[in-house]
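Take a look at the structure below.
There are 2 protein chains.
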Amino acid sequence: MKCRKCTEKAVINMRQHKLALCKTHYPQWIIDQTQRFVEKYLMFTPQERVLVAVSGGKDSLSLWDILWQLGYQVDGLYIGLGIDGGIGYSDESQRLSEQFAHDRDLRLNIVDVEGEYGRTVPELAQKTHRGKGKPCSVCGLSKRHIMNQAAVQGGYDVLVTGHNLDDEAAVLFGNALNWITGYMLRQGPVLDARAGMVRKAKPLCRFYEREMAAYALVRGIDYIYDECPHAVGSKTIYYKELLNRLEADRPGAKQSFYLSFLQAKENGLFRTPDPEQVSSQEIGVDGKLLHPCPTCGQPTTTGGECAFCRMVADIR
Amino acid sequence: MKCRKCTEKAVINMRQHKLALCKTHYPQWIIDQTQRFVEKYLMFTPQERVLVAVSGGKDSLSLWDILWQLGYQVDGLYIGLGIDGGIGYSDESQRLSEQFAHDRDLRLNIVDVEGEYGRTVPELAQKTHRGKGKPCSVCGLSKRHIMNQAAVQGGYDVLVTGHNLDDEAAVLFGNALNWITGYMLRQGPVLDARAGMVRKAKPLCRFYEREMAAYALVRGIDYIYDECPHAVGSKTIYYKELLNRLEADRPGAKQSFYLSFLQAKENGLFRTPDPEQVSSQEIGVDGKLLHPCPTCGQPTTTGGECAFCRMVADIR
Numbered sequence: 001m002k003c004r005k006c007t008e009k010a011v012i013n014m015r016q017h018k019l020a021l022c023k024t025h026y027p028q029w030i031i032d033q034t035q036r037f038v039e040k041y042l043m044f045t046p047q048e049r050v051l052v053a054v055s056g057g058k059d060s061l062s063l064w065d066i067l068w069q070l071g072y073q074v075d076g077l078y079i080g081l082g083i084d085g086g087i088g089y090s091d092e093s094q095r096l097s098e099q100f101a102h103d104r105d106l107r108l109n110i111v112d113v114e115g116e117y118g119r120t121v122p123e124l125a126q127k128t129h130r131g132k133g134k135p136c137s138v139c140g141l142s143k144r145h146i147m148n149q150a151a152v153q154g155g156y157d158v159l160v161t162g163h164n165l166d167d168e169a170a171v172l173f174g175n176a177l178n179w180i181t182g183y184m185l186r187q188g189p190v191l192d193a194r195a196g197m198v199r200k201a202k203p204l205c206r207f208y209e210r211e212m213a214a215y216a217l218v219r220g221i222d223y224i225y226d227e228c229p230h231a232v233g234s235k236t237i238y239y240k241e242l243l244n245r246l247e248a249d250r251p252g253a254k255q256s257f258y259l260s261f262l263q264a265k266e267n268g269l270f271r272t273p274d275p276e277q278v279s280s281q282e283i284g285v286d287g288k289l290l291h292p293c294p295t296c297g298q299p300t301t302t303g304g305e306c307a308f309c310r311m312v313a314d315i316r
Numbered sequence: 317m318k319c320r321k322c323t324e325k326a327v328i329n330m331r332q333h334k335l336a337l338c339k340t341h342y343p344q345w346i347i348d349q350t351q352r353f354v355e356k357y358l359m360f361t362p363q364e365r366v367l368v369a370v371s372g373g374k375d376s377l378s379l380w381d382i383l384w385q386l387g388y389q390v391d392g393l394y395i396g397l398g399i400d401g402g403i404g405y406s407d408e409s410q411r412l413s414e415q416f417a418h419d420r421d422l423r424l425n426i427v428d429v430e431g432e433y434g435r436t437v438p439e440l441a442q443k444t445h446r447g448k449g450k451p452c453s454v455c456g457l458s459k460r461h462i463m464n465q466a467a468v469q470g471g472y473d474v475l476v477t478g479h480n481l482d483d484e485a486a487v488l489f490g491n492a493l494n495w496i497t498g499y500m501l502r503q504g505p506v507l508d509a510r511a512g513m514v515r516k517a518k519p520l521c522r523f524y525e526r527e528m529a530a531y532a533l534v535r536g537i538d539y540i541y542d543e544c545p546h547a548v549g550s551k552t553i554y555y556k557e558l559l560n561r562l563e564a565d566r567p568g569a570k571q572s573f574y575l576s577f578l579q580a581k582e583n584g585l586f587r588t589p590d591p592e593q594v595s596s597q598e599i600g601v602d603g604k605l606l607h608p609c610p611t612c613g614q615p616t617t618t619g620g621e622c623a624f625c626r627m628v629a630d631i632r
């Protein structure tokens with residue numbers, strides 16, 4: 001198959017776009033599309049300082065690469081979770097992230113969970129009530145807390161993550177299967193800032209996972225191939241497989257599912273609780289009012305400390 | 317496995333309810349649950365006249381059987397679609413429906429599409445623009461029109477159909493995959509009456525398909541086993557298979573998907589367009605205002621005649 005834009009051999013055929021591109025035009029297309037999405041969803045401007053959370057995987061490193069090429073002021077954040085899983089998962093992720101930053105002379109902030117809180121994430125999961133049998137819950141909570149803290153303390157305007165369309169569709173699918181409306185209301189390419197929390201954006205949310213893998217490959221980005229060893233058998237992976245079967249039968253199904261959801265939200269399908277009294281920005285996913293955690297200052301709907309600070313207090 | 321209520325051998329084990337029942341207690345449970353749903357969703361009262369649309373299949377005949385045993389004033393409606401498919405599908409369906417009514421001394425109204433409109437449904441599909449390559453669209457349109465017409469002309473208070481949980485979950489799934497919000501807003505156990513249209517209700521909407529098959533079997537109801545020959549490869553069947561895989565992995569997933577949707581709607585997740593100006597009852601699935609068709613009087617959002625009357629005019 002030939003590239004749509006020249007006579008070179010295509011490296012990818014995107015059935016949902018009816019578009020095949022070569023190794024020169026494909027990465028350029030990804031970069032141009034990302035710029036389009038950044039503008040369309042009002043994610044950030046060239047004047048703003050951007051912090052990209054990198055895991056060492058294909059999505060986050062590709063995102064950093066794209067934003068860097070587009071000329072944005074973008075630093076990286078690597079969070080050392082202390083996950084080994086017999087493959088030195090965190091060590092290798094960190095090495096690849098550092099190498100990436102070094103090669104491009106970019107600034108990478110590093111937060112080491114064990115150094116900061118005395119325990120690795122797997123240890124936190126073992127020691128705390130929340131973690132019992134579900135390290136992914138502790139990990140997600142910790143990452144969200146630390147990412148926001150690093151962005152606030154570093155004076156960044158926006159925190160960006162490498163979530164791709166497969167990630168977003170899987171989350172939406174899981175929430176729609178049980179109509180967890182608090183989460184559905186908040187899901188989107190941008191989550192506006194609120195007291196104690198910076199703006200969050202997902203510039204890759206309209207690219208398929210395979211498109212990001214192809215981008216990383218074509219651009220020669222060295223990333224960690226392994227999934228996190230704890231993710232095996234997770235719900236998200238299960239939903240991704242299910243959506244992949246749907247996509248195989250009906251090309252474009254995943255994209256249509258996510259984009260028509262965004263459109264329905266824009267058309268006012270979902271309403272926030274008591275729309276006259278409070279804006280959705282002041283309400284958490286459980287529909288309760290947000291207030292700042294007395295310990296860390298990040299917003300929470302619990303009566304006292306936020307879930308992260310309670311977890312950390314739990315092990316002291 | 318033993319029956320929960322006695323020492324007899326169970327004929328069915330409903331994993332999502334953690335409930336196994338014998339051939340005596342199972343049909344009784346179905347009947348009791350149906351009564352509960354009829355009351356919970358305000359479907360109809362013993363004083364009202366009910367018309368049940370029967371196809372000769374397990375769901376609609378079981379529904380008629382249940383409502384009859386519960387003592388409701390319920391007549392049947394059989395629509396002769398003129399579908400053969402090499403297996404005499406319509407003839408056999410009609411014979412089984414007539415036999416069922418005769419055995420219980422119940423009244424069955426019959427509308428024959430060919431006798432009434434000069435063509436069978438497959439012929440209509442061939443002759444009309446709407447039907448090109450999709451007889452199911454013509455069939456659905458015709459059935460909806462004729463069912464409502466028969467209910468209005470017969471002075472019935474409510475039209476009931478045998479849609480089960482698998483049917484409802486598959487429709488919801490298809491609509492959620494593309495966020496077709498107009499249909500999602502209207503989907504539920506009851507659709508209230510509006511000008512020119514009787515109330516519609518689905519008393520079986522919380523029973524799994526296999527539960528209705530078991531009911532028909534235990535009650536000795538003779539029904540047509542074949543699916544409609546035109547339904548092969550339909551989207552609904554595809555979605556049902558997908559949901560069945562999900563259900564196999566996570567028992568109760570289908571039920572949770574449908575019931576949490578109803579709950580989210582009740583909690584006000586969805587809003588109707590311009591809630592202050594018009595009630596949802598006056599708006600069609602496309603969000604446009606309804607008005608009566610000048611030919612048949614049924615509500616439509618098109619400028620002139622409704623889709624059914626236009627289709628019928630098309631072949632004259």
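So the protein lines, in turn, are chains A and B.
Every letter in the first sequence is one number past the one before it in the numbering used here, and letter 223, counting from 1, is 223.
One rule links them: number in the numbering used here = place in the second sequence (from 1) + 316.
Glycine is no exception: its CB is placed at the ideal position from the N, C-alpha and C atoms.
Please read these numbers as outputs of a predicted model, since none were measured by experiment.
In summary, the residues of the segment 468-500 of chain B whose CB is separated from some CB of chain A by less than 7 Å are Ala492, Leu493, Asn494, Trp495, Thr497, in the order they occur in the chain.
Counted as a single uninterrupted DSSP element, the beta strand (DSSP E) harbouring arginine 365 of chain B occupies residues 365-370.
Of the residues B/Asp400, B/Thr350, B/Leu379, the one whose Cα lies closest to the Cα of glycine 392 of chain B is B/Leu379. For aspartate 112 of chain A, the enclosing beta strand (DSSP E) starts and ends at 108-112. For leucine 605 of chain B, no chain A residue has a C-beta closer than 8 Å to its own C-beta; the minimum C-beta separation is roughly 17 Å. Non-local C-beta neighbours of aspartate 542 of chain B in its own chain, meaning closer than 7 Å and more than five positions away in sequence, comprise Ile403, Tyr405, ordered along the chain.
Contact note: phenylalanine 523 of chain B does not reach chain A at a C-beta cutoff of 8 Å; the least C-beta distance is about 20 Å.
Residue burial is scored here from C-beta neighbours: aspartate 59 of chain A has at least 16 other C-beta atoms within 10 angstroms and is therefore classed as buried. Any Cβ of chain B closer than 7 Å to the Cβ of serine 256 of chain A would place that residue at the interface, and such an atom is present.
Threonine 7 of chain A is classed as exposed because its beta carbon has fewer than 16 other beta carbons within 10 Å across all chains shown.
Remark: C-beta atoms of leucine 475 of chain B and alanine 467 of chain B approach each other more closely than 7 Å.
Residue-level contact by beta carbon holds for serine 260 of chain A and chain B, with a gap shorter than 7 Å. Contiguous beta strand (DSSP E) elements confined to the segment 100-167 of chain A occur at 108-112, 158-160, taking only those with 3 or more residues. Shown here, valine 506 of chain B sits in a strand according to DSSP, grouped into three states. Interface annotation, alanine 580 of chain B: in contact with chain A, CB-CB separation under 7 Å. Around the beta carbon of valine 232 of chain A, a 10 Å sphere encloses fewer than 16 other beta carbons of the protein chains shown; the residue is thus reported as exposed. At a cut-off of 7 Å between beta-carbon atoms, leucine 243 of chain A makes no contact with chain B. By the C-beta criterion, the segment 205-221 of chain A is judged to be in contact with the segment 160-174 of chain A, since at least 3 inter-stretch pairs fall below 8 Å. Going by DSSP, cysteine 625 of chain B is part of the alpha helix (DSSP H) stretching over 623-630. Identification of residues in the segment 2-36 of chain A having a C-beta nearer than 8 Å to some C-beta of chain B yields an empty set.
Using a Cβ-Cβ cut-off of 7 Å, phenylalanine 44 of chain A does not count as an interface residue toward chain B, since no Cβ of chain B sits closer than that to its own. Note on histidine 129 of chain A: under 16 other CB atoms within 10 angstroms of its CB, so exposed under the neighbour-count rule. DSSP places leucine 337 of chain B inside the beta strand (DSSP E), whose first and last residues are 335-338.
For leucine 42 of chain A, the three-state secondary structure derived from DSSP is coil.
DSSP places valine 514 of chain B in the coil class of the three-state scheme, outside both helix and strand. Taking a Cβ-Cβ cut-off of 9 Å, phenylalanine 100 of chain A has no neighbours in chain B, whose nearest Cβ is about 37 Å from it. Neighbours of alanine 248 of chain A in chain B, taken as residues at a C-beta separation under 9 Å, are lacking, since the least C-beta distance is about 12 Å. Per the DSSP secondary-structure output, asparagine 329 of chain B pairs in a beta bridge with B/Ala336.
Serine 97 of chain A and tryptophan 68 of chain A have their C-alpha atoms roughly 14 Å apart.
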